[in-house]
Structure formats: structure tokens, C-alpha cells
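> Got a structure for you, written out below as C-alpha cells; questions coming shortly.
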Amino acid sequence: MEISLADLLAGVTATAAPLLLAALGETVTEKAGVINLSLDGTILLGAMTGFAVAATSGSLAAGFLAAAATGLAVAAVLSLIGTWLGQSQVAVGFTLTLLCRDLAYFLGSPHARQPGPQLLASPLPLLSRIPLLGPALFNQSLLVYLSIAAIPATWFFLYRTRHGLVLRAVGENPAACWARGIRPRLVQTTATLAGGALVGLAGAGYSLALKPGWGRPQGCEGIGWIALALVIFGGWHPLRVALGAYLFGFLQISTILLQDLFPALPTQVFQVAPFPIMIFTLILIHAGRNARGRKQRFLLRLFRGRPPAALGTTYRQD
Amino acid sequence: MIELADIHKRFGRVEALAGVSMRIRAGSVHGIVGENGAGKSTLMKILTGFISRSSGTIRYNGRPVQLRTPRDAARLGIGMLYQEPLDFPHLTVLDNFMIAAPEHDPGRLRQQLVRLADRFGFDLAPDSAVERLTVGERQQLELLRLIHRRCKVLILDEPTTGISQRQQEILFAALRALRDEGRAILLVSHKLAEVRSLCDRVTVLRGGRAVADQERPLDEDLLLRAMFGSLPRRQRAVRARDRGRPILAMDHVVSAEGRSGLHDVTLSIAEKEVVGLAGLDGSGQAVFLRIAGGLLRPDSGSVRFPGCETTAGAGGGDRQTVFLPADRLREGLIAGLSIREHLLLAGDAPFFLAPSTGRARAEKTIADYNIIGRPSTPADGLSGGNQQRLLLSLVPEPARLILLENPTRGLDVRSGAWMWRFLHQRMRDDGAIVFASPDLEEIMTQATRIMVFFNGRIILDAPTDQTEIRTVSRAITGRVPEDAGLPAA
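Chain order of the listed sequences is P and H. Position one of the first sequence corresponds to residue 4 (the working numbering), numbered consecutively onward. Position one of the second sequence corresponds to residue 198 (the working numbering), numbered consecutively onward.
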């Protein structure tokens, strides 16, 4: 079987797009010090509402909007209980994951295995003809363009704007922010909602573009956990998180290709393979990083990730 | 400028402030002194909007104001420099300066930061990470930020805690300049010497009331009596004793840790010695104490404990060395555990722990060590002085070498005196104490021997009773007297 490098690259950017949105959304949330563990359930619920709304109304845009709204709503529950009522974000997040998952399959059953719309590629004129990069970056769906644009946009927002600075500051030391006249809980809520909306959008990215349709299993289960892991391994830095997402996309694509080469192996092996391979790859990267000596400190600093100091803690203002 | 009238604050049944009235004038430095628990921090928190008063009125330029949140206070131009800098250690100096700035213009703000720093003689690089700065430098940064935000009332809570003599001088010069510009400065302090040198007016708080109000010139005895009811006696606690056998011997010890590292330290500390370590913040004292305490391994050189069969690097327990860090809650105690649980951890606890296990022992410790708290009080619910007492109660019985870092940090005069009495009593004939302190007076009164650190070297090592405080303060800034015991190397 012949596969061109261009096809491979195009497959990677497309496969990674929803994962990228979810991981970047979670990066923004966690940078403000809130940990949203409901990702996996939110993605499924977003996938379901996105598909259901698009199939019923016939409008893809409505579907994507509904999915983003779903993610926002789930994040709002987390924000209310975690940030405002001071309960454990971890416990609430876990519970929401399970709740959203079951809710998605329960509410989505009428739409299971029904035909629905799919977001198609809208190639950009001229640019899509660039060899190699053209198909990967410019012959894709709008969602993929959005996911690619989100990488520099998230970085710019976090590191080059006033609001990004305030958001990072809240994630480091909410008490000091409060003393400076910033409202930490408001900032955290905004970050949680914005991150949640991106996660919901990621769900629709599966059901309306990458793996169109709704059914059980949907095929995007587990992605939420991967996104959470990517944020950690990516050191809470949007560019590195994006790199991780593409690495995972690459693994998913290559296992599909390998399936053709080893027809004897059960297909489940290939479906599951990217997950352990991803974990091992990330461990290897980290082990390599830690093994180096003291002299390469500068280089290390570039790659060093450190969680926001106040991550997962509840700020109580008295 | 600010007028407080009959301010009350109740926490449950406890009345932290029982009717405080005072007037703070523009263009003056107003000192607020008092024992631990006198109500100073409550009053400051009310002024900065962190907590609301239960009753009473606050007037700002004659107008009654509500200070419900720090935002309200900031809008009026009331800013506070906290004892533990309330900043963002993982961000850069410039980022810290920019957070919550009225406009987001990194280029201009950088210029303004540099210009302000120059004006006050602060040495701050905009791009370095705040976690690499000393407490004094972080304070300077906060001060510049408040000035930049047009802060008209500056509140400082124990600003000289943990900063060096030199940084203190720079800070005081800056405060005087700010006062002369017409700002009001509120200085909360334990240290009468600095209050006397800086303040135009002083209010003494005791038991939640303002019990005395004095204008320059200040009468120290009167203030002390107002603070404590009776005068604590100040006297030289220690006479130089005969040195016994050596306890700790360092030979060409080198370390790259800390800001200055430690360069080629060779010394020996003997039985019956009380050694005070002086020097600018981050000149090597912290590294020295941690190496002596076995928390850090030196890069080269040897650390020996004559009479004990261990080498450097092993934990402190078996060679009877104990280290009490300055940051008690972070390095010394376990925040969420109660007094009873701390004692259980330290002693031989049985396998099954009932709620009553060790309570009797905790009660006894609380009584013996004058700790204000109950066996179930968590460590983070204790005041600084009581945390220090709990730490002291955990010092294992056969401790020969006791290492302390800023032992009186956050303690009022009475708690400090209690601690030193305890330490001197506790010290055995075959034991020694080594402590670092930014307070020269503490070193000169409590120690038998002083060592001055500068840039990772010991540049002065002498008995305290044969050393003048001027020689020491010169050495701290790096100027070595010709007749000092050690070469400057």
C-alpha cells in the first residue's frame, strides 16, 4: 500500500484537531488554577448534542454552537460547585465525567445510527496547492483551521495580553490577586467557561467531522483523559500541549495504517495502541529531560513545565 | 488623612479590636506597635479591605468610606506591603509589576519600572524570576508597584523581617522620601529601634485597644511599658564560656546552592558555644545551616561531627543535630496536623491511635512550653510564636547541636526572650547552638561568637564580647577589618 507523506500529514492535522481544542481549552482553565476533570464526559455530551442539533435542524453551525454551549454549561456546574461553593474540583470533575457520559448515551439514543450532516473540507485557494504543507494545513475543514489558529492565539492571549497575565497570576496566587483588586473567582469562572466551551466544541469535532454520526461507543471515548494528560506533559504551555496533540494524532493515524500491514492481529490492538504508546513516549521524553546534568539548565528551563501554583485549590476570600 | 473612630472587630466571641480610634496624617510615618495578638494585623486588614469591621467609622480625607474589598482600598490609594510578600514567585519581575496595572504596555511599564527603581536605588532586573530574589528585593518590587499605582497611604507590616541591614537602610531612605512627598506611611513593627528611627508618631495597641499615642521624640521605656505592662529586661544573656571539645568540623566545604553558594568554608564549632551568623540575606548562612543540619550535601569538602560515627549527608537524627528553619510552617511543621499529632509523629506512637492517644502528653507540652492552643489545634492555626514553641518542644532530648534560622522571626519581644531563656537552659555542657539572624542586637546579646557571611564566605569570625557592633556592620557590607581572625580570601 502506498501512502504519501502529504496524506499522512493531512491526516495528522485532521485527527488531532478536536483533541487540540480540548487540550488548549483545558490549558486555559488550568492556567487560572482550576482543574476540570470532566473533559471525557463533556466531549461525549458535546458530540451528542452537536450531532443531535445538527441532524434535527440541518445546520452544522447550530450543531457546533450547541456543542460549545454544552461544554460551557458543564463547566458552569464545575465553577459553581468548585470555585464558588468551595467543594473539591477533583471530586466534582470525576462525578461530572460519569454523569455526562451516561447522559450523552441516554439522551442520544434516538439519534443513534441515524444519518446526519458532516463538515467537509473547504480548501483555501492557492495555499492548498503548496506541496506537502498545502493538504495538511490548507485543504481542511473550518474546524481544523480553527484548531490550528487556536495554538498561537492561546499562546498570545496567555503571554502577551493583560488579561492573560491576570489569568496566570490568579493560577499562581489568588490571594495576592485579591489584594491587588483583581477578583480571582471571577477570573477563574471565565477561564473555566471558556475552556469548557472549547472542550464542548471538540466533541462536535468528532460527531460532525472526524467520526461523523452518533452511536455507542462513539469512538471518542478516552480522548478527554488524553487531553488532560497532554496538558500536564506539555507543562501547561500551549505550544508544547499542541505538539503533544499532534504526536497523538500521528500515533492514531499510523496505527490505522499499520493495521493493513498486519491483518492477523485483532483490530482492538490497533484501536488501543496509541494510548500506551503515547504514555511511553511521554515518559521517555521526561526521563531524557531529567537525566541531563546541571550544565544544561538553560535548555532545561525552556522545556520545563511547572503546574500553576494554585492549581486545584479553592480560593476562599474572607 | 485617615481617621479611625471606635473600630470594633469581633471574630465569634473573641473581640480582636475593642474600639480603636486614631488619626493618620499625610506626610508622616505613623508607627503601630504591640505584642503578638494586640490587634495590629486585624486593624491593617480592615484598612486594606481584607476584612470588614464590626462597627465604627473610617474617614478618608474627611469623607466616611466603606472598605469592603481590597479593590475599594486600592481605589482610594491605600496599599499594603505584607510581611510575607504577596506576589507571584514564578512570574518575572516585570510581570509582577504589570499585574493589575491600569494599562498593558510592557515597553512603557518596563521603562517606568527601571526609572522608579533607579530613583530609590533598588537593583531589580525586569526579566529575572521573582523566586530568585531575596525577600528584601521582593519587597522593593512591591513597593515600586504600589508607588506606581499612585498609592497615597502605604501600610508596611514588619517590613524589616528577613531583610539585611543594607536593604533596611535603602528601604528606610525610600520611606522617608515618600513621606516627604506627602504620603502617609503606616509602619507595623515589633522592633522599637526602627520605630524610633523612622516614625513621627506611634500608637501602641494592647488587647485590641489603642493604649498610648506618642509623638516624636519617642520615649522607648514608656512605649515598652504600654506594650507589655511591665518592662522586659534587656541584658546580655551570655558570657563567653570556655570552649569544650569540637562538635562540628567543616573542612574546605564548597556548595553551589543558594544565591551566593558557599566558598571554601573551614571551621570548627565547639561545645558550649553559641554562634550567631550575620550577613546580608542570602550570603551563605542558609546554605551553611542546611549543610550542617544534613539537609544539603556539599559539592566538595568534608563535614564531620567528632564523637559521632556519621558522615555528612545522613539525616540529622543519629548525630544529635537538629535544624529549626525560618519558614516554620513550610519546612518545620506539618500544616494540617495538630499539636497532638506532631508529638505522636516525633515520639514512639503505638500502632493503633485513638483520639485520646497522646493527649496527656500534648497537654503537658502545651503547659511546659507556654503554647497557646489545644492538643487538637492544627499547626497552621497557631501564631508564629506558638509555632516556634511547638518546634522547640519537638527538639529531641539528646540534641547536641541546635541549628536555628531566624529564630525570633515573627515573635514579639516576650516570646523571643522566652525562647532564648529556654535555649540557654536546654543547652547541655556538651552542646552548641548555631543561629542565623538579621538582628545584630540579638546576635550580640545571645551569642558567644559571631561569624559574618559575605558572598558565600565567612569574612569575620570573632567572640562577641571582643567585637564592636560597628566592625560587624562594616563586615556585613563586605569591608573586612585588618585584625579579623580570618583572611578575606
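Backbone N, C-alpha and C define an ideal beta-carbon position, used for all residues, glycine too.
Can you name the residues of chain H whose CB is closer than 8 Å to the CB of VAL169 of chain P?
ILE296 and ALA297
> With 7 Å as the C-beta to C-beta threshold (strictly closer), list the residues of the segment 179 to 202 of chain P near chain H in chain order.
Cβ contacts with chain H come from ALA179, TRP181, ALA182, ARG183, GLY184 and ILE185.
> Using a beta-carbon distance below 9 Å, is HIS205 of chain H in contact with chain P?
Among the CB atoms of chain P, none fall inside 9 Å of the CB of HIS205 of chain H.
> Just reading off the alpha helix (DSSP H) that GLN365 of chain H is part of, what are its end residues?
362 to 377
> Pick helix, strand or coil for PHE109 of chain P, following the three-state DSSP scheme.
Secondary structure of PHE109 of chain P (DSSP, three-state): helix.
> Enumerated in chain order, which unbroken segments of the alpha helix (DSSP H) with a length of 4 residues or greater are wholly contained in the segment 120 to 167 of chain P?
The segment 120 to 167 of chain P is shown to contain whole alpha helix (DSSP H) runs of 4 or more residues at 145 to 163, in chain order.
> Using a Cβ-Cβ cut-off of less than 9 Å, list which residues of the segment 96 to 118 of chain P approach chain H; keep chain order.
none
> Look at ILE352 of chain H and VAL385 of chain H and say whether their C-beta atoms are less than 9 Å apart.
yes
> Could you tell me whether the Cβ of ARG272 of chain H comes closer than 9 Å to any Cβ of chain P?
yes
> Cα-Cα, which of H:ARG442, H:GLN663, H:THR562 and H:VAL450 is closest to ALA629 of chain H?
H:ARG442
> Is there a C-beta anywhere in chain H that falls below 9 Å from the one on THR86 of chain P?
no
> Given a cut-off of 9 Å, decide if THR86 of chain P and VAL37 of chain P are closer than it, judged by their beta-carbon atoms.
yes
> Using the C-alpha atoms, what's the distance from ALA178 of chain P back to MET277 of chain H?
MET277 of chain H and ALA178 of chain P: Cα-Cα distance of roughly 13 Å.
> Give me the DSSP bridge partner(s) of LYS206 of chain H.
H:LEU214
> Examine chain P for any beta-carbon lying closer than 9 Å to the beta-carbon of ARG354 of chain H, and answer yes or no.
For the sequence presented, residue 354 of chain H should be read as Asp rather than Arg. Not an interface residue.
> For a test of the three-state rule: what should DSSP assign to ARG431 of chain H, helix, strand or coil?
For ARG431 of chain H, the pLDDT reaches just 45, beneath the cut-off of 50, and the residue's location in the model is therefore unreliable, leaving the point undetermined.
> Given a cut-off of 9 Å, decide if LEU395 of chain H and ARG380 of chain H are closer than it, judged by their beta-carbon atoms.
Not in contact: ARG380 of chain H and LEU395 of chain H (Cβ atoms no closer than 9 Å).
> Any beta carbon from chain H within less than 9 Å of GLU175 of chain P's own beta carbon?
yes
> State yes or no: is the C-beta of ASP410 of chain H within less than 9 Å of the C-beta of VAL392 of chain H?
no
> Tell me whether the beta-carbon of LEU264 of chain H lies closer than 9 Å to the beta-carbon of SER249 of chain H.
yes
> Kindly say whether ALA156 of chain P, judged by its beta-carbon, lies nearer than 9 Å to any beta-carbon of chain H.
no
> Please name the residue in P:GLY237, P:TYR209 and P:GLY247 whose C-alpha comes closest to that of ILE122 of chain P.
The sequence given here places Leu at residue 122 of chain P; Ile does not occur at that position. It is P:TYR209.
> What's the gap between the Cα of ALA215 of chain H and the Cα of ASP284 of chain H?
32 Å
> Using three-state DSSP, classify LEU665 of chain H as helix, strand or coil.
The amino acid occupying residue 665 of chain H in the given sequence is Glu; Leu does not appear at that position. Looking at GLU665 of chain H - three-state DSSP - the assignment turns out to be coil, as it is neither helix nor strand.
> For LYS349 of chain H and MET424 of chain H, I'd like the C-alpha separation in whole angstroms.
28 Å
> Using a Cβ-Cβ distance cut-off of 9 Å, determine whether TYR279 of chain H contacts chain P.
It does; some Cβ of chain P falls within 9 Å.
> Of all Cβ atoms in chain H, is any one closer than 9 Å to the Cβ of ALA35 of chain P?
no
> Contact criterion: CB-CB distance below 9 Å. Does THR164 of chain P meet it with respect to chain H?
yes
> Can you give me the start and stop residues for the alpha helix (DSSP H) that GLN308 of chain H sits inside?
303 to 317
> Counting Cβ pairs closer than 8 Å, one from the segment 190 to 209 of chain P and one from the segment 75 to 92 of chain P, do we hit at least three?
Cβ pair count under 8 Å is three or more, so yes.
> Quick one: grab the DSSP three-state call for LEU2 of chain P.
Chain P is shown from 4 up to 321; residue 2 of chain P falls before or after that span and cannot be answered.
> What separation, rounded to the nearest whole angstrom, lies between the Cα atoms of VAL472 of chain H and PHE650 of chain H?
Those two C-alpha atoms are separated by around 13 Å.
> Does the segment 128 to 140 of chain P touch the segment 237 to 250 of chain P, meaning 3 or more C-beta pairs lie closer than 8 Å?
no
> If contacts are defined as beta-carbon pairs under 8 Å, then ILE185 of chain P and ALA297 of chain H qualify, I think. What distance do you get, rounded to the angstrom?
5 Å
> Using the rule of at least 16 other Cβ atoms within 10 Å of the residue's Cβ for burial, across every protein chain shown, is GLU232 of chain H buried or exposed?
buried
> Roughly how many angstroms separate the alpha carbons of ALA313 of chain P and ASP627 of chain H, rounded to a whole number?
46 Å
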